[in-house]
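> Attaching a single structure in structure tokens format; questions to follow.
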Amino acid sequence: MAGRKIAKNIKFEDALKELEEQVKLLESGELSLEESLDVFKHGIELSKLCMGKLETVKQEVEKIVAADSGSDKYKLEVFHDLEA
Numbered sequence: 402m403a404g405r406k407i408a409k410n411i412k413f414e415d416a417l418k419e420l421e422e423q424v425k426l427l428e429s430g431e432l433s434l435e436e437s438l439d440v441f442k443h444g445i446e447l448s449k450l451c452m453g454k455l456e457t458v459k460q461e462v463e464k465i466v467a468a469d470s471g472s473d474k475y476k477l478e479v480f481h482d483l484e485a
């Protein structure tokens, strides 16, 4: 279990699914302390990967806004963080 590598090209959905599995393992209470620590570390790495992918996508998202009401023209508006 120790030293598991995460594939560099792993899809977000696959990483999230694996992270959920790690959480279930930890919640089960059936692992030894050492196993729990390894699973926790792997989960942290998966979490960082998922957050990085989300941040990348967030930065790429732009919303299309009608330039004028009733017009077929559109302009791109930079995505703003909803928490700001």
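Residue numbers (my numbering): 402 to 485. Glycine included, C-beta positions come from ideal geometry on N, C-alpha and C. Bear in mind that the values here come from a model prediction, so they are computed numbers and not experimental data.
Pick helix, strand or coil for Glu431, following the three-state DSSP scheme.
coil
> Among the residues of its own chain, which have a CB less than 8 Å from the CB of Leu420, if the five just before and after it don't count?
Gly444, Leu447, Ser448 and Cys451
> Out of Leu432, Val440 and Leu426, state which residue places its alpha-carbon closest to the alpha-carbon of Lys406.
Of the candidates Leu432, Val440 and Leu426, the residue whose Cα lies closest to the Cα of Lys406 is Val440.
> In the structure shown, what three-state DSSP assignment does Ile407 receive?
Secondary structure at Ile407: coil, using DSSP grouped into helix, strand and coil.
> Taking DSSP as the reference, what is the three-state secondary structure of Lys412?
coil
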